[in-house]
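A short write-up of the structure that comes next.
Numbering (full-length UniProt numbering), first residue to last: 1 to 209.
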């Protein structure tokens with residue numbers, strides 16, 4: 001029994017050592033896996049981000065043009081004529097040399113023209129409005145209206161004032177529909193109302209046959 005006890009202790013010691021080695025191997029493999037993922041992400045993620053964005057440095061606004069030569073270069077960059085090119089004010093908002101286009105929605109553009117991008121009514125290479133997300137066809141519509149704003153406001157508030165006045169007149173001078181007396185059966189409920197049966201009046205008939 002002493003011999004078997006020593007063998008059991010030695011076997012348990014060997015098992016503990018094997019378990020410790022296995023744990024160390026698993027931990028080392030985990031660390032190596034994390035390091036490999038970090039190296040792979042450095043090489044792959046930036047390429048994926050660049051591929052998804054499609055934005056190059058030429059697409060970003062440049063510095064604010066301060067000389068005629070810089071204005072001409074910026075106009076050429078955005079496929080515009082120099083006389084049509086006007087940058088945003090250099091007020092620190094970061095517009096740079098981006099052209100300041102008229103604040104008009106895409107609804108104002110010709111719907112029958114064969115646009116390169118019919119959804120936005122834009123042609124290839126044409127500069128987009130800085131706030132295109134606000135002036136597209138699903139947002140603000142700056143198209144001319146049949147009536148001016150002040151005329152529409154006058155009509156709206158005039159109608160509201162007239163309706164309020166009419167409600168006030170109806171409250172001060174109420175009008176009711178003329179009605180006749182309520183008709184009840186059985187001689188106007190003479191007996192039901194406690195009348196004397198011996199003195200029942202002549203039956204009232206509200207119809208003719």
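For each residue, glycine too, the CB sits at the ideal point set by N, CA and C.
Can you tell which of the options has the C-alpha that lies nearest to the C-alpha of residue i?
i, options, result
"residue 204", "189, 198, 197, 196", "189"
"residue 86", "79, 93, 71", "71"
"residue 78", "179, 174, 91, 124", "124"
"residue 97", "106, 107, 74", "74"
"residue 105", "76, 159, 23, 132", "132"
"residue 67", "82, 57, 61, 56", "82"
"residue 90", "63, 84, 148", "63"
"residue 95", "115, 65, 76", "65"
"residue 139", "120, 148, 150", "120"
"residue 103", "84, 141, 115", "141"
Any idea what DSSP makes of residue i, helix, strand or coil?
i, result
"residue 197", "helix"
"residue 202", "coil"
"residue 141", "coil"
"residue 110", "coil"
"residue 60", "coil"
"residue 14", "Confidence is the limiting factor: at residue 14 the pLDDT is only 49, short of 50, which leaves the residue's position unreliable, though a coordinate-based value still follows. Of the three classes helix, strand and coil, the one that applies to residue 14 here is helix, per DSSP."
"residue 104", "coil"
"residue 175", "coil"
"residue 209", "coil"
"residue 192", "coil"
"residue 152", "helix"
"residue 93", "coil"
"residue 80", "coil"
"residue 182", "coil"
"residue 24", "helix"
"residue 163", "helix"
"residue 2", "At residue 2, the pLDDT of 47 sits below 50, so the modelled position is not reliable; the number obtained from the coordinates is stated separately. Helix."
Tell me which same chain residues have a C-beta within less than 8 Å of the C-beta of residue i, skipping the five on either side of it?
i, result
"residue 145", "152"
"residue 186", "192"
"residue 206", "183"
"residue 213", "Given that the chain is displayed from residue 1 to residue 209, the structure contains no residue 213 and the question cannot be resolved."
To which residues does DSSP link residue i through a beta bridge?
i, result
"residue 87", "99"
"residue 117", "122"
What residue range is occupied by the uninterrupted alpha helix (DSSP H) comprising residue i?
i, result
"residue 76", "68-77"
"residue 135", "132-135"
"residue 185", "185-189"
"residue 147", "No alpha helix (DSSP H) holds residue 147; DSSP gives it neither H nor E."
In chain order, what residues of the same chain lie with their CB nearer than 6 Å to the CB of residue i, ignoring the 5 residues before and after it?
i, result
"residue 209", "none"
"residue 108", "143"
"residue 113", "none"
"residue 200", "190"
Between which residues of its own chain and residue i is the CB-CB distance below 7 Å, once the five residues before and five after are set aside?
i, result
"residue 101", "127, 129"
"residue 168", "none"
"residue 196", "none"
"residue 245", "Residue numbering for the chain in the displayed model covers 1 to 209; residue 245 lies beyond these limits and cannot be assessed."
Any beta-carbon of chain B closer than 8 Å to the one on residue i?
i, result
"residue 89", "Judged by its chain identifiers, the structure shown contains no chain B, having just a single protein chain."
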